[in-house]
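Take a look at the structure set out below.
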Amino acid sequence: MAVTQQKHPCLSPRGQSLFSPIPHPLIPLLGLLILLLVITGCRPESTASTTNSFANIQSNPDGVRDGGTGMEGSGGLASNELRVRVQVPASSAAEGDHQGLVNARNYSLQVHRVGTGLTLLETLAPQQKRDSDTTLLRFPDRTSVPVDINLVIEARVNGETYWSPLAADNRQVRVNPFSDYLVRRELANLSANDIIELNRCQQTLCPLELIWPSVVSQVQLFNITLPPGSSQTSAQAALSQRGDFTGFVQRAINLLRLSPASINSFAPDSTEAEAFTFNSVFFGVDLNQLRGDGGNSGLWVARSGVRATRSNDDGTGFNNPNLSLASIRLELFDLNITTLGSTIPFQSRGLQQDFGSPAQRPVNEHASVPRSTFSRDARFLSGTRPMYQTVRQQQGMTLGRTMDPFLLDARMVGGEQSPEVLLAGFFHGGSAVALGENSRGELVRQQVQEDLNSAALKINLRQNSSDEEFSLSRLHDSYNLMGFRLRLGSGDMPVLMEAELGHWSIGSGSNLVPGTHSSDDVMLLQRSTTNEVSFSNAQRNISIDIFNMSQIRDDSDPGQFRGHLFLNGSDRDYGIRDQVGPNGAASPNGDWLAFTPVSNDGSYALQLAVKPPDNLPDLVGSYQLQGFSLAMDDEDNRLRAFQGACLEIGDPNIAELHYQGVEVHHNLANRQVRRARNLPSSRLTGSISGPDSQGRLRITLPTGEDTPDLVLEGFTAPDGEALILRKHHGQSLGPVFALKESLERPCGAGN
Numbered sequence: 002m003a004v005t006q007q008k009h010p011c012l013s014p015r016g017q018s019l020f021s022p023i024p025h026p027l028i029p030l031l032g033l034l035i036l037l038l039v040i041t042g043c044r045p046e047s048t049a050s051t052t053n054s055f056a057n058i059q060s061n062p063d064g065v066r067d068g069g070t071g072m073e074g075s076g077g078l079a080s081n082e083l084r085v086r087v088q089v090p091a092s093s094a095a096e097g098d099h100q101g102l103v104n105a106r107n108y109s110l111q112v113h114r115v116g117t118g119l120t121l122l123e124t125l126a127p128q129q130k131r132d133s134d135t136t137l138l139r140f141p142d143r144t145s146v147p148v149d150i151n152l153v154i155e156a157r158v159n160g161e162t163y164w165s166p167l168a169a170d171n172r173q174v175r176v177n178p179f180s181d182y183l184v185r186r187e188l189a190n191l192s193a194n195d196i197i198e199l200n201r202c203q204q205t206l207c208p209l210e211l212i213w214p215s216v217v218s219q220v221q222l223f224n225i226t227l228p229p230g231s232s233q234t235s236a237q238a239a240l241s242q243r244g245d246f247t248g249f250v251q252r253a254i255n256l257l258r259l260s261p262a263s264i265n266s267f268a269p270d271s272t273e274a275e276a277f278t279f280n281s282v283f284f285g286v287d288l289n290q291l292r293g294d295g296g297n298s299g300l301w302v303a304r305s306g307v308r309a310t311r312s313n314d315d316g317t318g319f320n321n322p323n324l325s326l327a328s329i330r331l332e333l334f335d336l337n338i339t340t341l342g343s344t345i346p347f348q349s350r351g352l353q354q355d356f357g358s359p360a361q362r363p364v365n366e367h368a369s370v371p372r373s374t375f376s377r378d379a380r381f382l383s384g385t386r387p388m389y390q391t392v393r394q395q396q397g398m399t400l401g402r403t404m405d406p407f408l409l410d411a412r413m414v415g416g417e418q419s420p421e422v423l424l425a426g427f428f429h430g431g432s433a434v435a436l437g438e439n440s441r442g443e444l445v446r447q448q449v450q451e452d453l454n455s456a457a458l459k460i461n462l463r464q465n466s467s468d469e470e471f472s473l474s475r476l477h478d479s480y481n482l483m484g485f486r487l488r489l490g491s492g493d494m495p496v497l498m499e500a501e502l503g504h505w506s507i508g509s510g511s512n513l514v515p516g517t518h519s520s521d522d523v524m525l526l527q528r529s530t531t532n533e534v535s536f537s538n539a540q541r542n543i544s545i546d547i548f549n550m551s552q553i554r555d556d557s558d559p560g561q562f563r564g565h566l567f568l569n570g571s572d573r574d575y576g577i578r579d580q581v582g583p584n585g586a587a588s589p590n591g592d593w594l595a596f597t598p599v600s601n602d603g604s605y606a607l608q609l610a611v612k613p614p615d616n617l618p619d620l621v622g623s624y625q626l627q628g629f630s631l632a633m634d635d636e637d638n639r640l641r642a643f644q645g646a647c648l649e650i651g652d653p654n655i656a657e658l659h660y661q662g663v664e665v666h667h668n669l670a671n672r673q674v675r676r677a678r679n680l681p682s683s684r685l686t687g688s689i690s691g692p693d694s695q696g697r698l699r700i701t702l703p704t705g706e707d708t709p710d711l712v713l714e715g716f717t718a719p720d721g722e723a724l725i726l727r728k729h730h731g732q733s734l735g736p737v738f739a740l741k742e743s744l745e746r747p748c749g750a751g752n
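This note's numbering applies: residue 2 is where the sequence shown begins, and numbers increase by one.
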């Protein structure tokens with residue numbers, strides 16, 4: 002019997018609700034209603050295979066547990082209690098944990114209310130109970146732990162002072178350099194009015210409740226190892242060099258500053274719970290550092306979402322890339338609650354820079370914990386995303402993959418209450434760590450095998466609403482196409498990066514739709530085995546076939562893959578039809594098609610086909626940029642990801658790019674990969690041509706007299722809510738989404 006996939010996993014690995022704790026006056030009653038939502042609409046996912054499952058077990062902050070996040074639970078704590086652990090940089094690398102920290106024992110704690118610039122306003126006196134490495138704080142005059150934005154814990158240890166916000170969504174506070182950065186670099190810069198407004202909004206569901214406790218907990222989950230013997234000042238300096246960490250913190254603080262009026266949910270009008278399931282098409286690229294037993298080298302890695310096998314006592318089934326979105330409106334309290342979770346099984350392929358044999362890796366999973374999120378400006382779904390840890394066997398080794406949190410800001414396309422599409426891009430770091438067992442049989446960290454630096458795009462296309470399979474008759478005659486491909490193979494040209502713009506002409510059929518893939522604008526960037534890099538242009542015209550999932554799915558499990566398609570290209574560069582699929586999906590109205598073909602020559606690709614607009618939309622406005630680009634020259638490899646970047650299109654043909662992002666740099670000579678660094682912010686002004694009758698456009702942004710222009714070209718979505726673009730800048734190529742903001746949110750407002 003096939004395993005039935007659980008579509009709406011709203012429980013944590015510990016069996017607890019993953020809605021963020023909200024210390025709201027109505028929470029006792031609200032909790033009951035949320036529990037009803039969980040019971041009636043959200044079930045935990047079934048366990049995956051023995052090498053990569055999400056079992057219902059307790060997380061272990063000092064090790065790796067399959068399916069955990071590294072966050073400690075709140076078990077054993079009363080609602081007005083929290084547990085505090087003080088951590089300081091170790092004096093030597095051998096003493097510290099994976100972040101280079103050790104638990105302090107000789108310290109003093111105080112709780113303060115502070116003003117702007119961390120000026121002391123009041124000292125609170127909670128009860129303290131010391132127990133080994135931790136201190137229990139109890140607030141006897143309160144029913145819950147206060148989460149005011151300006152309540153902080155001060156720890157004095159070894160002649161230095163570290164700070165942490167008091168709030169944490171699991172009521173486990175670690176006072177250490179990570180929390181200290183959050184207080185000194187961000188809280189200290191809040192204005193007096195910011196503090197007043199944020200604390201006032203505790204009476205309603207607002208950014209403080211939805212974001213702040215999660216941010217306080219999740220800054221602790223970054224896989225950043227501090228140098229041994231770091232002082233408080235040098236530890237802060239080290240953290241400030243990691244662009245993924247600083248970007249996460251800064252963008253979360255920007256969300257805190259949103260007006261409560263702009264925060265909402267797309268919950269239904271009634272009190273009925275509503276849930277949507279999206280088919281996720283996932284494509285990612287890493288520029289990683291190989292360490293430990295694998296040597297010392299930089300390597301490219303391509304990742305593609307796939308259907309993965311899942312097993313339990315009832316048999317074997319398939320786990321499909323998906324995103325679950327559950328929402329409920331509580332009219333009694335005038336509250337909307339939304340929770341979002343995602344599971345992406347993916348396969349990956351890596352190639353070291355010394356061009357040994359490319360390594361096909363075991364299927365792994367990329368999953369974010371189902372937890373509270375919200376819609377901002379009725380356009381974006383926003384929230385912080387802690388990542389599951391996964392364990393797998395590779396080359397005789399037990400390997401743990403621990404991924405850093407990221408901030409999700411997914412653009413809803415095709416309707417605020419019932420979106421057809423969610424578009425998102427993100428960047429995160431992490432580590433692949435060799436694991437061993439301690440005397441208690443727990444998995445503990447050993448040597449780091451790989452530093453992870455990952456950029457990804459995810460196209461979430463809502464499943465067909467009926468139990469019937471998606472009808473191929475919904476496909477349109479013509480689509481604009483953007484494609485990106487990374488080939489990691491062998492031969493004289495082992496690395497190929499390709500970005501193309503073109504179109505699909507689609508025929509008709511019931512189980513199979515033939516079509517033509519045409520492109521006269523293909524850009525190719527290649528590296529040879531002698532490290533020479535070449536750039537060229539090409540054209541393409543091939544035949545394609547689009548199948549419905551009924552062609553390859555398990556017939557005993559009907560309806561599980563509604564809306565999924567499978568692309569078969571006659572050219573091996575564009576995929577082969579095999580049982581790894583599905584590798585594609587369609588939106589219910591057929592306007593959006595997305596595929597991630599994987600072929601025998603080592604190519605992983607993203608192809609996004611979008612119906613041209615019937616009427617050209619007005620493009621004037623601000624657009625958040627999400628996406629990445631890859632660059633190669635004779636001496637370096639580079640991976641860049643947008644983070645907080647914004648494009649402003651004016652009338653009639655002026656475009657301005659506010660460039661922000663992170664860069665991972667690989668120096669070929671010393672074989673070292675430098676982790677994500679913030680790129681200098683810049684502003685480029687240029688021109689836009691188009692859109693033409695098919696919605697195609699080109700944005701040209703000069704960068705200097707002796708440097709090539711930065712070009713963004715592609716096409717608009719049918720309603721103008723998104724632009725699908727190819728970035729080209731010298732020997733740099735990449736896919737980009739430009740996601741339209743509200744006109745009231747210009748560039749520079751933060752995202």
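Heads up, the beta-carbon is just placed ideally off N, CA and C, and yes, glycines get one too.
So, under 8 Å CB-CB, ALA91 and PRO229 are touching, yes? Tell me the CB distance rounded to an integer number of Å.
Translated into positions along the sequence shown, residue 91 becomes position 90. Translated into positions along the sequence shown, residue 229 becomes position 228. Contact holds; Cβ gap of about 6 Å.
Segment limits, alpha helix (DSSP H) that includes GLU210:
As a position in the sequence shown, residue 210 is number 209, starting the count at 1. Note, GLU210: alpha helix (DSSP H), 208 to 219.
Would the C-beta of LEU291 count as close to the ligand NAP, meaning under 7 Å from any of its heavy atoms?
Annotation note on the ligand NAP: not contained in the displayed structure, which lists no ligands.
Report the three-state DSSP secondary structure of THR52 (helix, strand or coil).
Translated into the one-based positions of the sequence shown, residue 52 becomes position 51. With a pLDDT of 30 at THR52, under the threshold of 50, the modelled position of that residue is not reliable, and the figure given next carries that caveat. THR52 falls in the coil class under three-state DSSP.
Would you call the segment 681 to 691 and the segment 720 to 732 touching, i.e. three or more CB-CB distances under 8 Å?
no
At the level of alpha carbons, what is the spacing between SER358 and SER491?
Here residue 358 is taken as the residue at index 357 of the sequence shown, counted from 1. Here residue 491 is taken as the residue at index 490 of the sequence shown, counted from 1. C-alpha separation (whole angstroms): 7 Å.
Euclidean distance between Cα positions of VAL184 and ILE150
Stepping through the sequence shown from its first residue, residue 184 is reached at position 183. Stepping through the sequence shown from its first residue, residue 150 is reached at position 149. Roughly 10 Å between the two C-alpha positions.
Looking only at its own chain, which residues have a Cβ that is under 7 Å from the Cβ of LEU607, when we skip the five neighbours before and after it?
As a first step, residue 607 is located in the sequence shown; it is residue number 606 there, counting from the start. Counting only Cβ-Cβ distances below 7 Å, and skipping sequence neighbours, we find PHE284, LEU458, GLY484, PHE485, THR597, PRO736.
Would you kindly work out how many angstroms separate the C-alpha atoms of TYR605 and ASN461, rounded to a whole number?
To locate residue 605, count along the sequence shown from 1; it is residue 604. To locate residue 461, count along the sequence shown from 1; it is residue 460. One C-alpha to the other measures close to 19 Å.
Ordered list of beta strand (DSSP E) runs contained in the segment 111 to 160, each at least 3 residues:
121 to 125, 128 to 132, 135 to 139, 152 to 158
Helix, strand or coil: which one does DSSP assign to TYR182?
Position 181 of the sequence shown, counted from the first residue, corresponds to residue 182. Three-state DSSP puts TYR182 in a helix.
Starting from the Cα of SER373, find the closest Cα among PRO387, GLN361, ALA379 and give me that residue.
One-based indexing of the sequence shown puts residue 373 at position 372. Ranking PRO387, GLN361, ALA379 by Cα distance to SER373 puts PRO387 first.
Might you give, ordered along the chain, the residues of its own chain that have their beta carbon closer than 6 Å to the beta carbon of SER231, omitting 5 neighbours on each side?
Counted from its first residue, the sequence shown places residue 231 at position 230. Correct list, in chain order: PRO90.
GLU438 versus PRO147 - alpha carbon distance:
Within the sequence shown, residue 438 is the residue found at index 437, counting from 1. Within the sequence shown, residue 147 is the residue found at index 146, counting from 1. Roughly 39 Å between the two C-alpha positions.
Between which two residues does the beta strand (DSSP E) harbouring ILE507 extend?
For the purposes of this step, residue 507 is taken as residue 506 along the sequence shown, with counting starting at 1. Element bounds for ILE507: 496 to 507.
Short Cβ contact (8 Å threshold) for LEU209 with LEU257:
Locating residue 209 in the sequence shown gives position 208, counting from the first residue. Locating residue 257 in the sequence shown gives position 256, counting from the first residue. Cβ atoms of LEU209 and LEU257: closer than 8 Å.
Per-residue burial, ARG106 [other beta carbons within 10 Å of its own, 16 or more giving buried]
In the sequence shown, counting from the first residue as 1, residue 106 sits at position 105. It counts as exposed.
On the three-pair Cβ rule with 8 Å, is the segment 232 to 245 touching the segment 196 to 203?
no
Does the segment 698 to 714 come close enough to the segment 664 to 671 that 3 or more CB-CB pairs lie under 8 Å?
no
Does DSSP put VAL364 in a helix, a strand or coil?
Along the sequence shown, read from residue 1 onward, the residue named residue 364 stands at position 363. Strand, per DSSP.
ASP170 - containing beta strand (DSSP E), residue span
Here residue 170 corresponds to residue number 169 of the sequence shown, with the count starting at 1. From DSSP, ASP170 is part of no beta strand (DSSP E); its letter is neither H nor E.
Using the three-state DSSP reduction, which class does CYS202 fall into: helix, strand or coil?
Here residue 202 refers to the residue found at position 201 when the sequence shown is read from its first residue. CYS202: helix per DSSP, three-state reduction.
If I'm right that PHE356 touches LEU324 with Cβ under 8 Å, what's the distance once you round it to whole angstroms?
Residue mapping note: residue 356 aligns to position 355 of the sequence shown, counting from 1. Residue mapping note: residue 324 aligns to position 323 of the sequence shown, counting from 1. The pair is not a contact, with the Cβ atoms about 36 Å apart (cut-off 8 Å).
For ASN638 and ARG475, which I take to be in contact (beta-carbon distance under 8 Å), what is that distance rounded to the nearest angstrom?
Counting from 1 along the sequence shown, the entry for residue 638 is found at position 637. Counting from 1 along the sequence shown, the entry for residue 475 is found at position 474. In fact, because the Cβ distance is near 41 Å, the residues do not count as touching under 8 Å.
Compute the Euclidean distance between the alpha carbons of LEU513 and LEU424, then round it to the nearest angstrom.
Translated into the one-based positions of the sequence shown, residue 513 becomes position 512. Translated into the one-based positions of the sequence shown, residue 424 becomes position 423. About 27 Å.
Comparing alpha-carbon positions, which option in SER328, GLN290, VAL282, PRO515 lies nearest ARG790?
The chain is shown from 2 up to 752; residue 790 falls before or after that span and cannot be answered.
Here's the rule: buried if 16 or more other CB atoms are within 10 angstroms of the residue's CB, otherwise exposed. What is LEU121?
Residue numbering aside, residue 121 sits at position 120 when the sequence shown is read from its first letter. It is exposed - the Cβ of LEU121 has fewer than 16 other Cβ atoms within 10 Å.
I need the boundaries of the alpha helix (DSSP H) containing SER241, first residue and last residue.
Start at 1 with the first residue of the sequence shown, and residue 241 comes out as number 240. Its alpha helix (DSSP H) spans residues 233 to 241.
Alpha carbon to alpha carbon, how far is LEU110 from ARG157? Give it in angstroms, no decimals.
Within the sequence shown, the letter at position 156 stands for residue 157. Within the sequence shown, the letter at position 109 stands for residue 110. Going from the Cα of ARG157 to the Cα of LEU110 covers about 7 Å.
Would you be able to state if there are at least three C-beta pairs under 8 Å between the segment 504 to 522 and the segment 623 to 637?
no
Within a Cβ cutoff of 7 Å, which residues of the same chain sit near GLN448, ignoring the five residues on either side of it in sequence?
Locating residue 448 in the sequence shown gives position 447, counting from the first residue. Cβ contact annotation for GLN448 (same chain, cutoff 7 Å, sequence separation greater than five): GLY293, ALA435, in chain order.
Please report the distance separating the alpha-carbon of GLU714 from that of LEU83.
Along the sequence shown, one-based indexing puts residue 714 at 713. Along the sequence shown, one-based indexing puts residue 83 at 82. Computed Cα separation, rounded: 52 Å.
Would you mind reading off the limits of the alpha helix (DSSP H) that contains LEU525?
Taking the first residue of the sequence shown as position 1, residue 525 is located at position 524. Where LEU525 is concerned, there is no enclosing alpha helix (DSSP H), although the beta strand (DSSP E) it sits in stretches over 513 to 528.
Based on the DSSP output, what are the partners of LYS612 in its beta bridges?
In the sequence shown, residue 612 corresponds to position 611, counting from 1. DSSP, once it has assigned bridges, lists no residue as partnering LYS612.
Buried versus exposed call for GLU649 [16 or more other C-beta atoms within 10 Å across all chains shown]:
One-based indexing of the sequence shown puts residue 649 at position 648. With 16 or more other Cβ atoms within 10 Å, it is buried.
Taking ARG362 as the reference, give the member of ARG446, SER349, ALA368 with the closest Cα.
One-based indexing of the sequence shown puts residue 362 at position 361. Considering only alpha carbons, the answer is SER349.
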